[in-house]
Amino acid sequence: MKKTRVRFAPSPTGPLHMGGVRTALYNYLYAKQNGGDFIIRIEDTDSHRFVPGAEQYIIEALRWCGIIPDEGVDENGKVVETASERHPHAPYRQSQRRGIYRQYAEQLVKAGQAYYAFDSSEELDARRAEAEAAGKTFIYNYETRRSLRNSLTLPPEEVDRLLRESTDWTVRFKMPENTVVPMDDLIRGHIEVNTSTLDDKVLWKRADELPTYHLANIVDDHLMEITEVIRGEEWLPSLPLHYLLYKAFGWEDTMPRFAHLSLLLKPVGNGKLSKRDGDKMGFPVFPLEWTNPEGEKSHGYREDGYFPEAFVNMLALLGWNPGDDREIFSMEDLIKAFSMDKVQKAGAKFNPDKAKWFNKEYLRLKSDAELAELFLPVLLDKLASGSGVPAGTPKSWGNGVPVGTPELMEYVTNVVGLIKERATFVQDFWDIAWYLFKAPETFNEKDMAKFWKEENYSLMKKAVDNLLESGIEWTREAIETNLVDYIKSNEWPMGKVMNCLRLALSGSASGLGIADILSFIGKEECRSRIDYIFSL
RNA sequence: GCUGGGUUCGUAUAACGGUUAGUACUCAAGAUUCUCAAUCUUGCAAUAUGGGUUCGAUUCCCGUACCCAGUACCA
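Each residue of the first sequence is one higher than the one before, counting from 0 in numbering that gives the first Met the number 0.
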């Protein structure tokens, strides 16, 4: 049994979008499940579309997701450039492998499976325009190649001359006429295509001495001993060509098996997910933030506050299911549960709401301490900036907790424990519980108009005075009991009195429980906030 | 246009010929609470369509519609 070897082969023409991450993920899961290797190969055979930083972005994004290659990249996340014992298949960048492809192209020509074509781009464009004008589509195939300039039509001497003198020729695959190619796909089952509908694809370009995707892909998959090719659906139409290429090289015995994944579709309307949809609907389509060469920024899941585990979990379930009702999967769980025959054939519409839901679930799974650690920088930043409150004013903090101490961490941890069920992202914590860290300065006008009436706040004041003078132990339960019992025993309207109190403490009539707020901010801070609102 | 792929509640999906077509997200209502959120309960909502095959089709076959991809010296 051969060792499973799969590869993710992105083209560094821009940031990897979430559909690409999903393809990488499925490759990774498949490899790990079978005890095999996951390889990254950079397909940069198009010199015109190279985007600086894209390659690094792709590797960093996968790393953030926990998709770590066994091969292709070294410990530092750099693409391996020279072969070694650990990386006998290096280099992993096709531009650095350019020397190896030509011989394979020539081999096919010698075997009569391919030929030299000398038509210029302009000539072909002209033919296409001509055909279009006649309401037809020009295809470079068994029919048209007889009337084009190539080694099948030109005399041998002329071919030799052009080969020597021209730098603008290509090697084209000689697609057979009217032959049915039977193929098998791990997800879609048996497929058959007649070669007459296919064209003579360019395999190698003399102009930049680089192969096209098709040649490079087959040669490298063969050389790298890839056992399964798991890739996007956009490749399905070229599968017959790839089958035929394996056959032409005589590599049928070791040909990998293929699985074509459906595409990720936009949340509303039709079509595949694009960067624009994210911008329009306010969700990221990229794992990490990306700044394009023009300086435009695109949102990233990481920067928007998603946990990588949640992102990966969500992505895994988009087009695959475990066969039961489970939804929460760690990477380990996914590796165990993944199976190709549960991968959906149809494209999956991405649902941003569900993505948020996953994050909420993962947030709850995290410990208070871990969340506090993540929240602390956000908190300190909020306190230091924007809000107009000087950093580290312990006076206004519950229990007088100063910045940078274990007491602060403990306080933040407790706050997080109280509020984490209300949040989707760590950065939500501030909006939910900012008033546990600083006193309100302004008060919600609508709530004030509704509750802040003499007949209410006078009662509230009495209840608070009673509480502060009661000498009870300052715990949530004791505070709650004291307040509720006192208000009830006087037969005061509970809602009105309580909301007046909340208004004084938090600036609004909706939010955390009164007793919770009080237990956190402490007696002194309570007194000062009450005094403040009455002083207005 | 041609070639290939696809089609179960709004969305993601389950049901490998026999179910009151299940679950999750979203949404709505109720319960709970001092409010909001959370939570719990309930509810809304689907087999694209027309023919076969079969005792019986979401499931198998064919047609139609619609969607997607490919149709480059891009991947």
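By construction, the Cβ of each residue, glycine as well, lies at the ideal position given by its N, Cα and C atoms.
All of these numbers come straight from a predicted model, not from anything done at the bench.
Item: Identify which residue in Glu420, Phe533, Leu243 has its Cα closest to the Cα of Glu191.; Value: Leu243
Item: If we require 4 or more residues per run, which alpha helix (DSSP H) segments fall completely within the segment 464 to 497?; Value: 475 to 488
Item: Round the Cβ separation of Leu287 and Arg301 to the nearest angstrom and send it over; I've been treating them as touching at under 8 Å.; Value: 5 Å
Item: Using CA coordinates, which residue listed in Pro210, Ala258, Lys1 is at the minimum distance from Lys344?; Value: Ala258
Item: Can you check DSSP and say which residues form a bridge with Tyr91?; Value: Tyr91 pairs with nothing; no bridge assigned.
Item: Can you have a look at Ser297 and say buried or exposed, based on whether 16 or more other CB atoms are within 10 angstroms of its CB?; Value: buried
Item: In this structure, how does DSSP classify Ile520 when only helix, strand and coil are distinguished?; Value: helix
Item: Given that a residue counts as buried once 16 or more other Cβ atoms are within 10 Å of its Cβ, and exposed if not, what is Val179?; Value: exposed
Item: Indicate whether the contact test is met: 3 or more Cβ pairs, each with one atom in the segment 139 to 146 and one in the segment 70 to 89, closer than 8 Å.; Value: no
Item: Quick check for students: name the residue ranges of the alpha helix (DSSP H) that lie wholly in the segment 223 to 310, counting only runs of 4 or more.; Value: 238 to 248, 274 to 280
Item: Suppose the cutoff is 8 Å on Cβ atoms and the five residues either side in sequence are ignored; what does the same chain contact list for Val377 look like?; Value: Val425, Gln426, Phe428, Trp429
Item: Helix, strand or coil for Arg528, going by three-state DSSP, please let me know.; Value: helix
Item: Which first and last residues belong to the alpha helix (DSSP H) in which Glu122 is found?; Value: 120 to 132
Item: Taking its Cβ as the centre, do 16 or more other Cβ atoms sit within 10 Å of Glu176, making it buried, or is it exposed?; Value: exposed
Item: Look up Leu373 in the DSSP assignment and say whether it is helix, strand or coil.; Value: helix
Item: Which residues bound the beta strand (DSSP E) around Ile593?; Value: As shown, the chain starts at 0 and ends at 535. That puts residue 593 outside it, with no answer to give.
Item: If I measure Cβ to Cβ from Ala448 and keep anything under 7 Å in the same chain, skipping five residues before and after, which residues do I get?; Value: none
Item: Looking only at its own chain, which residues have a Cβ that is under 8 Å from the Cβ of Gly18, when we skip the five neighbours before and after it?; Value: Gly231, Leu262, Leu263, Lys271, Leu272
Item: So, helix, strand or coil for Asp430, using DSSP?; Value: helix
Item: So, for His16: in the same chain, excluding its five sequence neighbours on each side, which residues have a beta-carbon less than 6 Å away from its beta-carbon?; Value: Val284, Phe285
Item: DSSP three-state call for Gly397: helix, strand or coil?; Value: A caution first: Gly397 carries a pLDDT of 44, below 50, which makes its placement in the model too unreliable to give a value.
Item: If contacts are defined as beta-carbon pairs under 8 Å, then Gly318 and Ala347 qualify, I think. What distance do you get, rounded to the angstrom?; Value: 4 Å
Item: Sort Leu238, Thr12, Glu156, Arg160 by Cα distance to Asn193 and report the nearest one.; Value: Leu238
Item: How is Asp352 classed by DSSP in three states: helix, strand or coil?; Value: helix
Item: Any idea what DSSP makes of Pro181, helix, strand or coil?; Value: strand
Item: Is Pro11 buried or exposed, if buried means 16 or more other CB atoms sit within 10 Å of its CB?; Value: buried
Item: Going by the beta-carbon positions, is the gap between Val20 and Ile225 smaller than 9 Å?; Value: no
Item: What whole-angstrom Cβ distance do Phe328 and Asn350 have, given they're in contact under 8 Å?; Value: Rounded, the Cβ-Cβ distance is 17 Å, inconsistent with contact.
Item: Could you tell me whether the segment 489 to 498 touches the segment 451 to 458, where touching means 3 or more Cβ pairs closer than 8 Å?; Value: yes
Item: Do Gly35 and Lys77 count as a contact pair if the criterion is CB distance below 9 Å?; Value: no
Item: In chain order, what residues of the same chain lie with their CB nearer than 8 Å to the CB of Arg256, ignoring the 5 residues before and after it?; Value: Asp183, Leu185, Thr226, Glu227, Val228
Item: Identify, in the order they occur along the chain, each residue of the same chain with its Cβ nearer than 7 Å to the Cβ of Ala336, setting aside the five sequence neighbours on each side.; Value: Pro321, Phe328
Item: In chain order, what residues of the same chain lie with their CB nearer than 7 Å to the CB of Lys394, ignoring the 5 residues before and after it?; Value: Note that Lys394 has pLDDT 48, beneath the 50 cutoff, so the model's placement of it is unreliable and the number below is only indicative. No residues qualify anywhere along the chain.
Item: With burial defined as no fewer than 16 other Cβ atoms inside 10 Å of the residue's Cβ, what is the status of Leu107: buried or exposed?; Value: buried
Item: Can you tell me which of the three DSSP states Leu333 falls into?; Value: helix
Item: Please work out which residues of its chain come closer than 6 Å, Cβ to Cβ, to Ile57, disregarding the five sequence neighbours upstream and downstream, and give them in chain order.; Value: Pro9, Leu15
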